[in-house]
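What follows is one structure encoded as structure tokens, with my remarks underneath.
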Amino acid sequence: MTGYRIPQKLSDFQRRMYVHLIEWKRSHVTSEPGMYRGYLNDTFLPDSYAGKLPHLYEPVRQMFMDHQKQFPFKTHKFADHMASSQVACANLFLPIMANPEMAPALLASVKPDLASIATDELDHGFRVEFWDEDLQGSPGQTGMLGDHNKTAGTDADFAIAFRNHDGQLCLWLIEHKLTEASFTACGGANSKGRRSGHYVCDSTVEVLENPNLCYYHGKCKYNYWPITLANVSTFPRDNLLSHAACPFKGGMNQLWRNTILALAIENASDGPYTKFEKVYFSVCYHPGNGALNATMAAFQSLLGDKYRFTSFTSESLIAAARQSSNPEIRKWAEWYGALYLFE
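If you want the numbering used here, it's the position in the sequence shown, counting the first as 1, plus 7.
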């Protein structure tokens, strides 16, 4: 579009969001473009703002930094992009978690079984970039899925510890999407290492009979298939077999991995996470991002336990926040709406 230095290959929603975010940046931060791959790009912040995160809600900016020091996680490579999903996730959930007494009323609008925040768990009830790391454990641990290392591994963008209406301690894993047009596909299916062995992606029957035919199981020794096959109520065999090729080869792979992470934590027999009696997984997405709907619907149809996976829009939480009696919550909701909801 004229006047905006943005990528050419964008969906209508992505283009609209990028232009909106650029205008917000010009009004509230700077009109200077950033650089990407040697070219000026208006959706990036300039180097003078690198790491300062001016698009992170100011009242929770220090909260974000303090949390990162206590529970180290990587700031995303593209955090200085105005459409950073990591920053948008923090902008949505940290202001809520900063008010744990008010949080249940807001979160229950999308998670009705949430009665109170378990502020005695995690970091006052939350974690950013959560995985099942034992903070008292040894270096080099790979987690219950066996897939964590310095460069990769399954995690949730945000995690919330809560107690339900029966007093049970629960954990809620959340994947947040802003402008992304898809979920992460299976890296093993396209791995160069896959070429050196007999691995199968095009036959669900064969993989179910012999999980070693999956590169992630046979070569990488990840625990994806053992957890899946041990939880037949969540992943009924007939539902899996309704897909001729592995259903987790494409975008459902990310949803699958987060769901089995939830199952692994809920079924843990030892370690620091056995305290959680129920563990759930949800996707939170922008209401205008319809590109994700087909994948989420397909994944939901695959599940036997439908409650294991849910989805909701960021707008749902903001609508609840606008009804809050807390003026600071309402102020944040207006700020968020102006930044992300085209208001």
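C-beta atoms are modelled at their ideal positions from N, C-alpha and C, and glycine is treated no differently.
Inset, instruction - Would you mind giving the Cβ-Cβ distance between L176 and E284, rounded to the nearest angstrom? I have them listed as a contact below 8 Å. - result: 6 Å
Legend entry - Residue span of the beta strand (DSSP E) that contains A163, given as start and end: 163 to 171
Inset, instruction - Can you grab the Cα-Cα spacing for the pair M8 / H293, in whole Å? - result: Low per-residue confidence applies at M8: pLDDT is 42, beneath 50, and the placement is therefore not dependable, though the value from the model is reported in the following sentence. Each residue's Cα considered, the two are about 22 Å apart.
Legend entry - Closer than 7 Å: S308 CB and nearest the ligand MN heavy atom: Among the components modelled here there is no ligand, and therefore nothing to report on the ligand MN.
Legend entry - First and last residue of the uninterrupted alpha helix (DSSP H) at F100: 92 to 104
Inset, instruction - Report back the beta-carbon spacing between G278 and D141 to the nearest angstrom; my notes put them in contact at under 8 Å. - result: 6 Å
Inset, instruction - Let me know if R33 comes out buried or exposed under the rule of 16 or more other beta-carbons within 10 Å of its beta-carbon. - result: exposed
Inset, instruction - Write down the C-beta distance between G258 and T302 rounded to the nearest angstrom, noting that I regard them as a contact closer than 8 Å. - result: 4 Å
Inset, instruction - Identify the continuous beta strand (DSSP E) that holds H205 and give its terminal residues. - result: Where H205 is concerned, there is no enclosing beta strand (DSSP E), given that its DSSP letter is neither H nor E.
Legend entry - Spatially closest choice to I351 from Y287, F133, V290, by CA coordinates: The requested residue 351 is not part of the displayed model; the chain covers only 8 to 350.
Legend entry - Endpoints, the alpha helix (DSSP H) within which W31 is located: 19 to 35
Inset, instruction - Using only alpha-carbon positions, find the residue among A271, K199, A97 that is nearest to L152. - result: A271
Legend entry - F255, buried or exposed, once every other Cβ within 10 Å from all chains shown has been counted against 16: buried
Inset, instruction - Answer yes or no: do F20 and G344 have a C-beta to C-beta separation smaller than 8 Å? - result: no
Legend entry - Residue interval of the beta strand (DSSP E) (run including A122): 121 to 124
Legend entry - Sub-8 Å separation of N265 and L309 beta-carbons: no
Inset, instruction - Tell me where the beta strand (DSSP E) around R329 begins and ends. - result: No beta strand (DSSP E) holds R329; the alpha helix (DSSP H) holding it covers 321 to 329.
Legend entry - Spatially closest choice to P243 from T317, P111, F306, by CA coordinates: F306
Legend entry - Length-filtered (4 minimum) alpha helix (DSSP H) runs lying within the segment 30 to 88: 65 to 77
Inset, instruction - Could you pull out every residue in the same chain whose Cβ sits closer than 8 Å to the Cβ of T320, ignoring the five residues on either side in sequence? - result: C291, Y292, H293, P294
Inset, instruction - Could you have a look at S308 and say whether DSSP puts it in helix, strand or coil? - result: helix
Inset, instruction - Examine the Cβ distances between the segment 40 to 48 and the segment 95 to 106 and report whether three or more of them are shorter than 8 Å. - result: no
Legend entry - Collapsed DSSP secondary structure at W263 in the structure displayed: helix
Inset, instruction - May I ask you to list the residues that DSSP assigns as paired with C177? - result: F169, K285
Inset, instruction - Measure the Cβ-Cβ separation of A241 and G150 and say whether it is below 8 Å. - result: Sequence inspection shows Thr at residue 241; the Ala mentioned does not correspond to that position. No, the Cβ-Cβ distance between T241 and G150 is not below 8 Å.
Legend entry - Helix, strand or coil at E341 [DSSP, three-state]: helix
Inset, instruction - Go ahead and pull the three-state DSSP assignment for Y229. - result: coil
Legend entry - Pairwise C-alpha distance: S249 and C221: 18 Å
Inset, instruction - Would you give the residue range spanned by the alpha helix (DSSP H) that E136 belongs to? - result: No alpha helix (DSSP H) holds E136; the beta strand (DSSP E) holding it covers 133 to 137.
Legend entry - Euclidean distance between Cα positions of D164 and A251: 31 Å
Inset, instruction - Classify H224 as helix, strand or coil using the three-state DSSP reduction. - result: helix
Inset, instruction - Could you tell me if G144 is buried or exposed, where buried requires 16 or more neighbouring beta carbons within 10 angstroms of its beta carbon? - result: exposed
Legend entry - Collapsed DSSP secondary structure at T317 in the structure displayed: strand
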